[in-house]
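Here the structure comes first, spelled out in structure tokens, and everything after it is commentary.
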Amino acid sequence: MPLTPDPTIEAAHPLAVVESMARRNNWEFLRTVDDEITLAVAGKRTNYQASFSWMEDIRVLHFACAFELKVPSPRLIHVRQLLGSINEQLWIGHFDVWDESGVVMFRHALLLTGGVSTSAPQCEAVLGAALDSCERYYPALQFVVWAGKSAREAMDAAMFETAGEA
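Sequential numbering from 388 applies to the sequence shown in the numbering used here.
This is the structure we're talking about:
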């Protein structure tokens with residue numbers, strides 16, 4: 388594997404790489420400003436809105452993935468407890484909830500300092516990790532928000548894996 392960066396990729400704006408990736412995969416996307424692109428991604432359990440934002444001043448490509456779930460104020464503390472337990476299980480990224488809007492999202496950042504550039508496989512890996520995590524833990528969030536379950540009950544249900552076939 389060569390350690391010398393490809394100058395054509397290195398010269399590309401990080402969001403141009405993401406836009407190219409979206410076009411190759413026939414994903415719907417919206418890029419209304421130079422420093423942000425939003426992708427519409429259909430999951431098995433819900434639809435996702437994934438966005439990549441380029442922060443030139445700190446050389447960070449920020450990724451956020453939100454889904455169709457609004458947390459009512461009375462359930463925020465329970466969702467925060469659940470997200471703490473979930474985040475302990477994650478190696479890449481983390482979940483967050485915005486108090487004002489009740490939106491839960493997965494977030495991750497790629498630090499691109501010192502001449503490091505981004506690539507389509509790298510962006511696809513971040514998106515894939517996010518979607519895997521969102522799909523896995525979405526039912527646990529539903530348990531807490533809609534069924535009134537505790538964070539522990541929801542986490543136990545999320546970690547339960549079946550084996551074999553019925």
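The beta carbon of each residue, even a glycine, is placed where N, CA and C say it ideally should be. Since the model is a prediction, treat every value here as computed from it, not as a measurement.
Contact fails between the segment 456 to 466 and the segment 440 to 447, because fewer than three Cβ pairs, one in each stretch, are under 8 Å apart.
At a cut-off of 3 residues, the continuous stretches assigned as beta strand (DSSP E) that sit fully inside the segment 402 to 490 are 415 to 420, 423 to 429, 434 to 442, 447 to 457 and 481 to 484. When secondary structure is reduced to three states using DSSP, Ala496 falls in the strand class.
Burial is judged here by how many other beta carbons sit within 10 angstroms of a residue's own beta carbon; Leu456 has at least 16 and is buried. Trp485 and Pro459 have their C-alpha atoms spaced approximately 11 Å apart. Inter-residue distance for Phe439 and Gly501 is about 20 Å (C-alpha atoms, whole angstroms).
For the options His400, Arg410 and Ala541, the alpha carbon positioned closest to that of Arg523 is the one of Ala541. In this structure, Leu470 sits away from Phe454, with a CB-CB distance that is not shorter than 8 Å. With a cutoff of 8 Å on beta-carbon distance, Phe416 and Leu402 are scored as not near each other. Distances from the alpha-carbon of Ala545 to those of Gly535, Trp533 and Ser520 put Ser520 closest. Straight-line measurement puts the Cα of Ala534 at about 32 Å from the Cα of Ala496.
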